[in-house]
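J.: Everything in the sequence shown is counted per the numbering used here, starting at 1 for the first residue and increasing by one.
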Amino acid sequence: MIGIMLRMIALTGLYLLVVSSVKVGDVAIGLVLAALVVAAGRRHRAASSSAGSTLRRLAGVPALIGGTLVDVVTGSAEVIRCCLRRPPDPGLVRLPTGPTSPSSFATWGIRLGITPNTVVVDVDEEHGELLVHVLDARDPDGVRAEQAAAYRSRQRRTFP
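1. Please name the residue, chosen from Y151, R7, C82 and P116, that lies closest to V73 on a Cα-to-Cα basis.
2. Decide if V134 is buried, meaning its Cβ has at least 16 other Cβ atoms within 10 Å, or exposed.
3. How about W108 and L130: are their beta carbons less than 8 Å apart?
4. Between V157 and the rest of its own chain, which residues show a CB-CB distance below 8 Å, the 5 nearest in sequence each way excluded?
5. Quick check on E78: buried or exposed, where buried means 16 or more other Cβ atoms within 10 Å of its Cβ?
6. Beta-carbon within less than 7 Å of I4's beta-carbon, same chain only, minus the 5 sequence neighbours each way: which residues are those?
7. Quick one: measure Cβ to Cβ for A34 and M8, integer angstroms, because I've assumed they're closer than 8 Å.
8. By how many angstroms is the C-alpha of L31 removed from the C-alpha of K23?
9. At which residue ranges does the region 85-111 contain complete beta strand (DSSP E) runs of 3 or more residues, listed in the order of the chain?
Here it is, written out as structure tokens:
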């Protein structure tokens with residue numbers, strides 16, 4: 001029960017941060033949405049999930065959050081450089097995600113969308129690819145390698 005309440009509080013807090021408001025109506029909407037997400041998550045939780053694997057995944061959360069913050073800061077610096085100088089060659093790059101779970105696929109898309117130097121344009125779950133607009137697309141293989149390394153070091157442990 002405590003876990004459910006903590007999840008609802010965290011999700012409601014996240015919602016309030018996104019809408020930048022603490023009005024009573026926004027808090028109520030956040031609580032309703034959080035309750036729906038928690039209920040759906042409980043229903044779809046895999047029965048085979050053991051306590052050990054859950055603890056291993058939770059241990060990866062600091063790396064995921066810290067790595068995402070690093071990506072946001074470095075992406076912001078890249079955007080600032082583009083504003084102050086002539087921008088590099090922007091373009092679209094296809095990022096293969098490989099065989100991942102739907103939650104991992106979604107998390108990767110969200111992480112890329114948070115950083116200011118990338119925009120997820122299309123998600124192709126059938127082929128396991130994300131189409132991403134990047135500020136510097138001169139080296140698509142380098143972009144793919146950089147994103148694959150970020151996935152391995154920051155996300156794979158928490159969302160395999």
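From the three backbone atoms N, C-alpha and C, an ideal C-beta is built for every residue, glycine too.
T.: Let me lay it out:
1. Among Y151, R7, C82 and P116, the Cα nearest to that of V73 is on P116.
2. buried
3. yes
4. According to the sequence provided, residue 157 is Arg. The question's Val does not apply to it. Only R56, R57, A59, G60, A63 and L64 meet the Cβ criterion.
5. buried
6. So the qualifying residues of the chain are V38.
7. 4 Å
8. Between the alpha carbons of K23 and L31 lies a distance of about 12 Å.
9. 91-96
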